[in-house]
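In what follows, a single structure is set out as structure tokens and then discussed.
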Amino acid sequence: MPGTKNAPHLTSLPSGTPIPDILSILYRDGAVRVTSLISPDQITQVAAELKPHMDADYNSGLNVFAKQTKTVCGLAGKSSTVATAILQQPTIRALVDDALTVTTESWWGDSRNTCVSPPLLSSCFAVRVGPGSARQGLHRDDQDHHATHRNADPRETTKLGCIVAISKVTKENGATEVVPRSHIWDDARKPVYPDEVTYAEMEPGDAVFILGNCYHAAGANVTEDSFRSVIVTLFCKGVYRSEENQFLAVDRETAKKLPYDVQDLIGWKASAPFCGWHDLSNPSDLIREDVGINKDLF
1300 MPGTKNAPHL TSLPSGTPIP DILSILYRDG AVRVTSLISP DQITQVAAEL KPHMDADYNS
1360 GLNVFAKQTK TVCGLAGKSS TVATAILQQP TIRALVDDAL TVTTESWWGD SRNTCVSPPL
1420 LSSCFAVRVG PGSARQGLHR DDQDHHATHR NADPRETTKL GCIVAISKVT KENGATEVVP
1480 RSHIWDDARK PVYPDEVTYA EMEPGDAVFI LGNCYHAAGA NVTEDSFRSV IVTLFCKGVY
1540 RSEENQFLAV DRETAKKLPY DVQDLIGWKA SAPFCGWHDL SNPSDLIRED VGINKDLF
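Heads up, the sequence shown is in our numbering, so the first residue is 1300 and it goes up one at a time.
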């Protein structure tokens, strides 16, 4: 739903759309909606796993959310369904890998080496936006990495966000505001609200992907009794610092129980050639039984 009749719209694609087609829209518009990406059973299970945390008397200490907004962070360690149904979801991982994998070449003596740094989980948290919650200011997520934007390069970002709807999401209950195609703007141009805004309305299980250089914001909840519940997952290039400290968010004993690729995603694997090692070895040696399988860091 656009903010005005002149605002660009948010393209919707069904789950199962070929990855190149989704990427084409994502890089063209800076954002794309994929419907029915997560199954109803998985959404129900996520909601059940999050309920004790949502019911706890706690809220975010950060001032980026309105006081009527409840957050639960560190979901990779708090919800086994999030760790698998979202963090291992094939479409999500394919988009993240394409957008954020860093590949470089360099000389090491007489050898020409190719180094690949896979993406990291930057943060993973649940948000429940209550009635009366004010809207955020429009912003870019890659400001965390002090990113600069030189105009017209759609892939010049350090982050990719994925918002999965747990509840029905409407403009009225705070749907994310998105400014399509703002990812190609330079840093001088300011987004105009509401003229350039469209709203990422969703059904439970739908997902919206937003490049880190695309302007967006949490919308206002102007309803009397409707809550907007979503899972927000942000990924970053592996050569950058994550937004959420995953080593504190997911304790070591919990990390041991995660699938290996999720362990890698939260930072337990060194990034080639030599970033993030422990005792000159992969940190994963500390939490895996097959120690030493990744001894060669290069």
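A virtual CB, placed ideally from N, CA and C, is assigned to each residue, including glycine. Predicted model only: the values in this text are computed from it and were never measured.
When DSSP states are grouped into helix, strand and coil, Lys1350 belongs to the helix group. One thing to note: Ser1416 has its Cβ within 9 angstroms of the Cβ of Ser1570.
Within the DSSP bridge table, the entry for Ala1516 names Glu1476 as partners. A residue is called buried when at least 16 other Cβ atoms come within 10 angstroms of its Cβ; Arg1411 does not meet this threshold and is exposed. The beta-carbon distance between Ile1465 and Val1345, rounded to whole angstroms, is 6 angstroms. This is short enough to meet the 8 angstroms contact definition.
For Leu1325, the enclosing alpha helix (DSSP H) has its first and last residue at Ile1318 to Asp1328.
Assigned with DSSP and collapsed to three states, Tyr1498 falls in strand. In this structure, the straight-line span from the alpha carbon of Glu1500 to that of Arg1454 is close to 25 angstroms. Looking at the DSSP output, Gly1408 shares a beta bridge with no other residue.
By the CB criterion at 9 angstroms, Val1426 and Thr1380 fall outside the cutoff. Boundaries cannot be given for Thr1383, as no alpha helix (DSSP H) includes it and DSSP labels it neither H nor E.
Counting along the chain, Thr1457 sits inside no beta strand (DSSP E), nor does DSSP assign it H or E at all. Taking Tyr1498 as reference, the option from Ile1509, Gln1545 and Ser1421 with the minimal CA-CA separation is Ile1509. Around Leu1349, the same chain offers Val1371, Ser1378 and Ala1425 as residues with beta carbons nearer than 7 angstroms, after the five sequence neighbours per side are excluded. For Arg1527, the enclosing beta strand (DSSP E) starts and ends at Arg1527 to Cys1535. Residue pairing from DSSP places His1438 in a beta bridge opposite His1515.
By the Cβ neighbour-count rule, His1515 is buried, with 16 or more other Cβ atoms within 10 Å of its own.
Distance check between Ser1421 and each of Gln1545, Asp1563 and Phe1573 places Gln1545 closest, using alpha-carbon atoms only. Around the Cβ of Ala1330, a 10 Å sphere holds 16 or more other Cβ atoms; the residue is buried.
Beta-bridge partners assigned by DSSP to Val1401: Ser1416. Per the DSSP secondary-structure output, Leu1510 pairs in a beta bridge with Leu1459. With respect to Ile1321, Thr1390 sits close: the two C-beta atoms are nearer than 9 angstroms.
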